[in-house]
Every structure is written in structure tokens, then in C-alpha cells.
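Undergrad:
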Amino acid sequence: MGPDAVPEVYVAAGSNVAPEENLARAVAELSREFPGARFSPWYRNRAVGFEGDDFINLVTGFSTALPVRRVLERLHAIETACGRGRAAPRWAPRTMDLDVLLYGDLVCHEPGLELPRPDLLKRAYMLGPLAALAPEMVHPVAGLTIGELWRRFDRAAHPLEPLTSRCCDPHPPREPGP
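When you line the sequence shown up against this note's numbering, it's residues 74 to 251, in that order.
#1: Could you pull the start and end residues of the beta strand (DSSP E) that V84 belongs to?
#2: To which residues does DSSP link I129 through a beta bridge?
#3: Just checking, does the segment 95 to 106 make contact with the segment 175 to 190 on the three C-beta pairs under 8 Å criterion?
#4: Kindly indicate which residue of K195, E209, R224 and L131 has the alpha-carbon position closest to the one of T218.
#5: With H, G and I counted as helix, E and B as strand and the rest as coil, what does DSSP make of R143?
#6: Going by DSSP, what residues sit across from G156 in a beta bridge?
#7: Tell me whether the segment 197 to 214 and the segment 120 to 139 touch, counting them as touching only if at least three CB pairs, one residue from each stretch, are closer than 8 Å.
#8: Do the segment 173 to 180 and the segment 138 to 146 touch if we need at least three Cβ pairs shorter than 8 Å?
#9: With DSSP as the reference, please indicate the residues paired to V173 in a beta bridge.
#10: Looking at the strands, I want to know which residues DSSP matches up with L188.
#11: Between the alpha carbons of P114 and A230, how many angstroms are there, rounded?
#12: Mind checking which residues open and close the alpha helix (DSSP H) that includes L203?
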């Protein structure tokens, strides 16, 4: 990415507390905050790291000239608008969880910010929706396309269920990649 290039940002969104309502609100807020945002289909998966209700997840992609820390601030504001408290334990139910997966080709290891997101390659609920949205995007560390990474992913061990009737998704869900 050159010095004048506007980065393409990919963000995972997930909820397991009134998930359809909270994701619909997050999609509206993300669309308002980041005009031109695109959204993957919605997917259901089991909670990871704790016993809890299933999550519904999606990935959004958008271009922005905002620095990554400003993007994080805006995402935290959207989480708050969806009822998320910052004091909740890490592995707990969420009204909304927004995580930056990729910020262009930025590789960053700072307190509170690690890009690309390390668990992107370990979590079906992040990688699958990203593959549906941006299969040709190249992972800046792995050097492979997101579609290829998804094809190599152990989907049997990490089931991801495409959902078919999303209120705010203009595109029918599809299985991410062959």
C-alpha cells in the first residue's frame, strides 16, 4: 500500500445476545459511519472459549482514510450503542463484538492492537465470512489469498452455518469458497 493509498479495512461483527437485533443495528451504524461498507452474509456458530448461546457473525469491508486507532474508536462507539459494556470478561456473552481483522496490508504489534488479527486464521466465524466478502484479498503475513486460506481451513472441526433470511443483507448467503 503506497503512502497515498486508502486502506481497505475488514471488521468482524458478532453477537450472541439478541443477535439479529444487535447485528441489524451494527450494520446500520457501520453503514452510516463508513459509507460504501459492504457486508458478508450472516453465519451462525457455537460460542468459542465459553459455554453460551450461539453467535451470529458477519464481516464488513470498507475503505477509509482514518488512521487505524480512529477506526477502533468508532467501532467501540458502535459497540457501546449496541449495549456492550467494556467491563465484561473477555470470554462472555456479547451484545456486540467488533474486531478489526485487516487494515490494508498493515502489520502491527502494539499494546491493544495486533494486525492482522492473529486469530483470523484460527476462527471460522472470522475467516469464512471474510472469504465470502473478499476471497482475492491477500493476507499480509501468510501471503495467500483469503479464499485459499479458507479452502485449507478445517471446517469440519469449526462448523459455520450460513443463514438464509437476514433482514438487512441484500445478498443471499452463500458458503464461503469451494
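From the three backbone atoms N, C-alpha and C, an ideal C-beta is built for every residue, glycine too.
TA: Reading it off the structure:
#1: Counting along the chain, the beta strand (DSSP E) containing V84 begins and ends at E81 to S88.
#2: Note: I129 sits in a beta bridge opposite S88 and R117.
#3: The segment 95 to 106, when compared against the segment 175 to 190, does not touch it at the 8 Å Cβ threshold.
#4: For the residues K195, E209, R224 and L131, the minimum Cα distance to T218 belongs to E209.
#5: In the structure shown, R143 falls within a helical segment according to DSSP collapsed to helix, strand and coil.
#6: Note: G156 is not bridge-paired with any residue in the DSSP secondary-structure output.
#7: With the cut-off at 8 Å, the segment 197 to 214 and the segment 120 to 139 touch.
#8: Contact holds: three or more Cβ-Cβ distances are below 8 Å.
#9: According to DSSP, residue pairing for V173 in a beta bridge involves V84.
#10: Partner(s): C181.
#11: Cα atoms of P114 and A230: separation of roughly 21 Å, rounded to the nearest angstrom.
#12: Element bounds for L203: A197 to L206.
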